[in-house]
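Asks: This structure is in structure tokens; I'll ask about it shortly.
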Amino acid sequence: MPKTLISFIGTGPFTEGESKREYRKAKYTIGGKEAGESSFVSAVLYEHLAIDKLILIGTVKSMWEEVYRYFCEQKGVEPDMDYYVALAESGESGDHRKPVEGTFDKRPLEAVLGAGSRVELIPYGLNRGEQWQIFEILNRLFETLDEDEIYLDVTHAFRSLPLFSMTVLMYLEDVREKRVALRGVYYGMLETMREFGGKAPIVDLSLILELQKWIKGAYALMHFGKGDLVADLLGDTNAGRAVREFSDVLALNYLHGIETGLNRFSALADKMEEPVARMVVSPVLKEFAARLLKHRTHAARQLELSVWHREHHNYLSAYLVLVEAMITHRCERRGWRWEDYKHREKAKKQLRKNKMFKEANKIRNNLVHHQNKHMNTVGENIRKLIEFQTKFQNLIKTPL
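If you want it as structure tokens, here you go:
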């Protein structure tokens, strides 16, 4: 896969006593080892990561003339001084009111950056309209890199740009289902040079994206019982396999599997080794297990699961589990094994004359088999579900 480095270019300070702009030259380290010396972090990363394509993003005010001069010098190319002056004048006269399109001819600059490299101009992002424009520009840009390994340098330019970049990447990955291969997010900590012997460490901030995935996974697990993403993040570990099993039995409404796994899931929550997993996943597993384990009977636990499904808008599952909870309750009242098929069929037969069971089971069957005849409205089915759950909660200590 080709490697693409995306870097942001700022305005840069003016050099003392002169009118030209440039970043100060600095020595950089990566992972404690010297990585090179340059006035551009992107140049150091370009060499260190063996980058194939460079994409530079900035405003009309960014110091494009210095970018052009620097890369001409690095590649042994004689700069076109007329073009250099034109870039400098464009930057000097440019401001937030100047449109980004047609500001200057980007082709000579892109040529010196190398084959496949690009320059993208964006507005300042002073209002929602400009912010959407930045989002759309970055979205179009990242979509063209579907097959690339992407590295992001967020050292320079507006501090809002890394936020936009991360958001676009999450949008492409989560909404457009693009396989965005982001391999690193780098920041050159120039402000710490004194502390590190005059050298600036370049740090990888990819943990931010990983944290976003953990948060997304925890949300899916907590609200929908979907543990696939969390299981993938945990990998082939006991915790990963347990979370996947929990998610699967919940998706299948495998009541026996859910109940038998509750204590194990609760214990697992205390043994997560991954720090992020302990922070975002453990509370979800503990809360879910505690919610069901507080009940003494199987029917009460199944009713609690039905209510959980309803609270999370899984209405079909809520009806399915509610009907099964009623059957389990009858088995428990009769002293029968609730998980035995023959006993459950016998209990179901006895319940056919029970008004609440008949009505709930009818709606359940209509939903499962997509039978539209004589069906209630969606709102009515939800209202009836709450009514059934409330009545069953009140009746759960007495025979149906």
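Residue numbering for the sequence shown follows the numbering used here, beginning at 328 and increasing consecutively. Where is the CB? At the ideal position from N, CA and C, for every residue including glycine. Here the structure is a predicted model, which means the values were calculated and not measured.
Candidates V576, A558 and L678: which alpha carbon is nearest V570's?
Replies: If we check each option's Cα against that of V570, A558 comes out closest.
Asks: Taking the continuous alpha helix (DSSP H) assigned at F469, which residues delimit it?
Replies: Taken as a continuous stretch (DSSP letters only), the alpha helix (DSSP H) holding F469 covers R455 to E470.
Asks: Do you know offhand how far P450's Cα is from P426's?
Replies: Each residue's alpha carbon lies about 8 Å from the other.
Asks: Alpha carbon to alpha carbon, how far is S369 from L383?
Replies: Their Cα atoms are separated by approximately 9 Å.
Asks: Cβ atoms of H640 and Y586: under 8 Å apart, would you say?
Replies: The question names Tyr, yet the displayed sequence has Glu at residue 586. For E586 and H640, no; Cβs fall outside 8 Å.
Asks: So, does the stretch 517-527 touch the stretch 542-558, judging by three or more C-beta pairs under 8 Å?
Replies: Not touching, per the Cβ criterion.
Asks: On the criterion of 16 or more Cβ atoms from any shown chain inside 10 Å, does D422 qualify as buried, or is it exposed?
Replies: Exposed is the call here.
Asks: Does T430 come out as helix, strand or coil in the three-state DSSP assignment?
Replies: Coil.
Asks: Go through its chain and collect everything with a Cβ distance to Y395's Cβ below 8 Å, but skip five positions before and after it.
Replies: Closer than 8 Å at Cβ, skipping near neighbours: P406, Y410, Y411, L414, P435, L436 and V439.
Asks: With 16 other CB atoms within 10 Å as the buried threshold, where does E631 fall?
Replies: The residue is buried, with at least 16 neighbouring Cβ atoms inside 10 Å.
Asks: Does the Cβ-Cβ distance between G385 and I464 come in under 8 Å?
Replies: Their beta carbons are not under 8 Å apart, which means G385 does not touch I464 by this criterion.
Asks: Enumerate in chain order the residues of its own chain whose CB-to-CB distance from G567 is below 7 Å, with the five nearest sequence positions on each side excluded.
Replies: Excluding positions up to five away in sequence, the list reads A558 and L561.
Asks: Out of curiosity, what's the CA-to-CA distance linking F341 and I333?
Replies: Residue confidence is low: F341 scores 49 on pLDDT, short of 50, so the model does not pin down where it sits. Its coordinate-derived value is still stated next. Distance between the alpha carbons of F341 and I333 is about 24 Å.
Asks: Does the Cβ-Cβ distance between E470 and A508 come in under 8 Å?
Replies: No, the pair does not count as a contact, with Cβ atoms beyond the cut-off.
Asks: Leaving aside the five residues before and after L453 along the sequence, list all residues of the same chain whose C-beta is less than 7 Å from its C-beta, in chain order.
Replies: Contacts found: H423.
Asks: Roughly how many angstroms lie between the CA atoms of M683 and F715, to the nearest whole one?
Replies: Between M683 and F715, the C-alpha separation is close to 7 Å.
Asks: Would you give the residue range spanned by the beta strand (DSSP E) that L595 belongs to?
Replies: First-last for L595: L582 to A596, but that is the alpha helix (DSSP H), not the beta strand (DSSP E).
Asks: Let me know if P602 comes out buried or exposed under the rule of 16 or more other beta-carbons within 10 Å of its beta-carbon.
Replies: Exposed is the call here.
Asks: When the Cα atoms are used, what is the spatial distance from G418 to E364?
Replies: Distance between the alpha carbons of G418 and E364 is about 26 Å.
Asks: Just checking, does the stretch 636-650 make contact with the stretch 662-671 on the three C-beta pairs under 8 Å criterion?
Replies: No, the stretch 636-650 does not touch the stretch 662-671.
Asks: Compute the Euclidean distance between the alpha carbons of G344 and D379, then round it to the nearest angstrom.
Replies: Note on G344: pLDDT 49, under 50, position unreliable in the model; the coordinate value appears next. G344 and D379: Cα-Cα distance of roughly 37 Å.
Asks: DSSP three-state call for T704: helix, strand or coil?
Replies: The answer is coil: DSSP assigns T704 none of H, G, I, E or B.
Asks: Looking only at its chain, what residues have a beta carbon closer than 7 Å to the beta carbon of D531, apart from the 5 residues adjacent to it on each side?
Replies: Excluding sequence neighbours, D531 sits near G511, V512 and Y513.
Asks: Out of V695, L556 and K613, which has the shortest C-alpha to C-alpha gap to W541?
Replies: Among V695, L556 and K613, the Cα nearest to that of W541 belongs to L556.
Asks: Considering Cα atoms alone, identify which of N580, G358 and L496 is closest to W635.
Replies: The residue with the shortest Cα to Cα distance from W635 is N580.
Asks: Per DSSP, what kind of secondary structure is D480 in: helix, strand or coil?
Replies: Of the three classes helix, strand and coil, the one that applies to D480 here is strand, per DSSP.
Asks: Alpha carbon to alpha carbon, how far is K553 from S574?
Replies: K553 and S574: Cα-Cα distance of roughly 5 Å.
Asks: With distances taken from CA atoms, which of A674, V650 and E651 is nearest R661?
Replies: Out of A674, V650 and E651, A674 has the C-alpha closest to the C-alpha of R661.
Asks: Residues in the same chain with beta-carbon distance under 7 Å from T655, minus the five sequence neighbours each way, listed in chain order, please.
Replies: These residues qualify, in order along the chain: H625, A626, Q629 and W665.
Asks: Give me, in chain order, the residues of the same chain whose beta-carbon lies closer than 7 Å to that of V607; leave out the 5 immediate sequence neighbours on both sides.
Replies: These residues qualify, in order along the chain: W541, I542 and A545.
Asks: When the Cα atoms are used, what is the spatial distance from F592 to F615?
Replies: About 9 Å.
Asks: Considering Cα atoms alone, identify which of S492, I723, A652 and H483 is closest to S389.
Replies: Comparing Cα-Cα distances from S389 to each of S492, I723, A652 and H483, the minimum goes to H483.
Asks: Please classify P610: is it buried, with 16 or more other beta-carbons within 10 angstroms of its beta-carbon, or exposed?
Replies: So P610 ends up on the exposed side.
Asks: In three-state DSSP terms, what is G344?
Replies: Because the pLDDT at G344 is just 49, under 50, the model does not fix this residue reliably, and the point stays unresolved.
Asks: I'd like to know whether the C-beta of P489 is nearer than 8 Å to at least one C-beta of chain B.
Replies: Absent here is chain B; the protein component of the structure consists of one chain.
Asks: Please determine, among A617, V481 and T338, the residue with the shortest C-alpha to C-alpha distance to E393.
Replies: The shortest C-alpha separation from E393 is found at T338.
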